[in-house]
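Asks: Using our numbering, you'd call the opening residue of the sequence shown number 115 and step up by one each time.
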Amino acid sequence: MAHYIKNVFIPRDEIDKVVTQLAERISEDYKGKEIVMVGVLKGSFIFLADLVRKIQVPVVLDFMSVSSYYGGTKSSGIVKIIKDMDVDIEDKHVIIVEDIVDSGLTLQHLKELLLTRNPASLRVCAAFDKPGRRKTNIVADYIGMKIPDEFIIGYGLDFDGKYRNLPDVCILAIEGGNE
Ligand code: PRP
Numbered sequence: 115m116a117h118y119i120k121n122v123f124i125p126r127d128e129i130d131k132v133v134t135q136l137a138e139r140i141s142e143d144y145k146g147k148e149i150v151m152v153g154v155l156k157g158s159f160i161f162l163a164d165l166v167r168k169i170q171v172p173v174v175l176d177f178m179s180v181s182s183y184y185g186g187t188k189s190s191g192i193v194k195i196i197k198d199m200d201v202d203i204e205d206k207h208v209i210i211v212e213d214i215v216d217s218g219l220t221l222q223h224l225k226e227l228l229l230t231r232n233p234a235s236l237r238v239c240a241a242f243d244k245p246g247r248r249k250t251n252i253v254a255d256y257i258g259m260k261i262p263d264e265f266i267i268g269y270g271l272d273f274d275g276k277y278r279n280l281p282d283v284c285i286l287a288i289e290g291g292n293e
């Protein structure tokens, strides 16, 4: 599909400030506690790496891989676990880390699943939030930035598997429209 990078939407220094603020809030909220941080692959990998290096309390890291869209159709409502986490979260303070909340279906499903494992607490931290696209009541506890409904890439976010490595969040234009 013909596409091009239209412009930088969130420059890297702004992202860094937002991540620093989130890390400060989390460090304050979890003072004296240990956190299990669960990155949802693949999109969260850069955000998670930046975030954990700024957090001042002990962190145990784990990952999950899920697939929420099939055959190019968006938000089918089906969330398939490709890789589950390894750490036992019973009685642990858990934070799910996402790059972006869109429909909220992925997070709703993950929260329901992880709650069955009896964590001491379960919160969600997302770098970016598109509240205009929400199809559930999910609210992330920690949100870096609320953004309008633009197709964004970079800082972990992809188009067709590419552009995750861009240091800035950019807007992608797709020929024939972005939907
Ligand atoms: C993206 C993102 C979230 C999910 C959010 O993942 O990383 O996991 O979609 O969408 P939702 O709120 O509508 O459920 P994607 O399935 O694109 O996989 P990726 O992280 O590997 O890019």
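For every residue, glycine included, the Cβ atom is placed at its ideal position computed from N, Cα and C. This structure is a prediction, so every number in the text was calculated from the model and none was measured.
1. My guess is that Asp-164 and Val-122 are in contact by the Cβ rule of under 8 Å, so how many angstroms apart are they, rounded?
2. Any idea what DSSP makes of Ser-141, helix, strand or coil?
3. Throw me the rounded Cβ distance for the Leu-271 and Gly-157 pair, which I believe falls under 8 Å.
4. According to DSSP, is Val-152 helix, strand or coil?
5. What does a CB cutoff of less than 7 Å around Gly-185 pick up in its chain, not counting 5 residues either side in sequence?
6. Put Thr-187 into one of helix, strand or coil per three-state DSSP.
7. Extract the residue ranges of the alpha helix (DSSP H) inside the stretch 170-255, only unbroken runs of 4 or more that lie entirely within it.
Replies: Taking the structure as given:
1. The C-beta distance from Asp-164 to Val-122 rounds to 18 Å, too long to meet the 8 Å contact threshold.
2. Of the three classes helix, strand and coil, the one that applies to Ser-141 here is helix, per DSSP.
3. The Cβ separation is near 6 Å, so the contact holds.
4. Residue state, collapsed to three classes: strand.
5. Low confidence applies here, because Gly-185 scores a pLDDT of 47, under 50, leaving its location unreliable; read the following figure in that light. Closer than 7 Å at the Cβ level, and outside the excluded window around Gly-185, lies no residue.
6. Any reading at Thr-187 must be qualified, since the residue scores a pLDDT of 47, below 50, and its modelled position is unreliable; the value itself is stated next. Residue state, collapsed to three classes: strand.
7. Those alpha helix (DSSP H) runs which fall completely within the stretch 170-255 and span 4+ residues are 219-229.
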